[in-house]
Amino acid sequence: MRARDLMSDFPTVTLDSPALDAARLLAEQDLPGLIVTDGNGAPCTILPGTQVLWLAVPQYCRDDPTLARVVDEAHADAFLEALTGRSVRECLPERPRELPVAGPDATVLELAALMARTHSPLVAVVADGRLLGAVTLQALVDRVLAR
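The number in the working numbering is simply the position in the sequence shown, starting from 1, with 55 added.
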């Protein structure tokens with residue numbers, strides 16, 4: 056089984072896309088993350104959903120999770136509003152990580168190793184600098200376990 060057999064079309068965002076729109080896309084389509092593309096439509100990074108949360112959760116709650124308990128429920132439920140006016144670029148880690156990209160001929164084990172090494176829930180499948188689709192962790196595990 057190869058990447059081309061597991062991949063599917065996958066939504067993308069750009070570095071300048073609004074972070075709140077990216078969060079909505081993650082939620083509406085139940086995605087583990089998003090592929091961020093450059094101006095030419097080529098993948099430049101993967102934005103895991105957890106990284107969006109990292110930006111939205113107040114620093115003091117990340118530093119001391121017990122402080123999250125003291126925030127009243129109405130404000131706690133609205134924490135994603137902190138993304139308003141921010142871009143996807145602002146959600147990315149300061150230090151770039153290895154880009155989880157594979158060719159369409161990558162094997163299931165190659166994909167799994169890439170996901171594990173990069174801590175990414177998805178791999179962008181690229182050929183000739185063009186995004187073909189993505190393989191998600193769920194699709195990979197589902198297909199492997201179905202054998």
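Note that CB positions come from ideal geometry on N, CA and C, so glycine has one too.
Let me confirm a value: glutamine 114 is counted as buried when at least 16 other C-beta atoms fall within 10 Å, else exposed. Which label applies?
Taking the first residue of the sequence shown as position 1, residue 114 is located at position 59. Per the 10 Å Cβ criterion, exposed.
With a CB to CB cut of under 7 Å and the five nearest residues on each side skipped, what residues in its chain are close to leucine 192?
Here residue 192 corresponds to residue number 137 of the sequence shown, with the count starting at 1. Once the five neighbours on either side are set aside, the close Cβ partners of leucine 192 are Pro87, Met170, Pro176, Leu177.
Since proline 190 is in the beta strand (DSSP E), which residue starts that stretch and which ends it?
As a working mapping, residue 190 is identified with position 135 in the sequence shown. Reading the sequence as shown, one finds valine at residue 190 and not proline. Segment 185-191, the beta strand (DSSP E) holding valine 190.
Three-state secondary structure assigned by DSSP to glycine 96:
Here residue 96 corresponds to residue number 41 of the sequence shown, with the count starting at 1. Looking at glycine 96 - three-state DSSP - the assignment turns out to be coil, as it is neither helix nor strand.
Coil, strand or helix - leucine 102 by DSSP:
Numbered from 1 along the sequence shown, position 47 holds the residue referred to as residue 102. Three-state result, leucine 102: strand.
Pull up the distance between the alpha-carbon of leucine 70 and that of leucine 154, whole angstroms please.
Working through the sequence shown from its first residue, we reach residue 70 at position 15. Working through the sequence shown from its first residue, we reach residue 154 at position 99. Going by the C-alpha atoms only, they are around 15 Å apart.
Would you list the one or two residues that DSSP bridges to threonine 67?
Position 12 of the sequence shown, counted from the start, is the residue given in the question as residue 67. Beta-bridge analysis with DSSP links threonine 67 to Ile90.
Rounded to whole angstroms, what is the Cα-Cα separation between valine 143 and leucine 164?
Here residue 143 is taken as the residue at index 88 of the sequence shown, counted from 1. Here residue 164 is taken as the residue at index 109 of the sequence shown, counted from 1. Cα-Cα distance, rounded: 30 Å.
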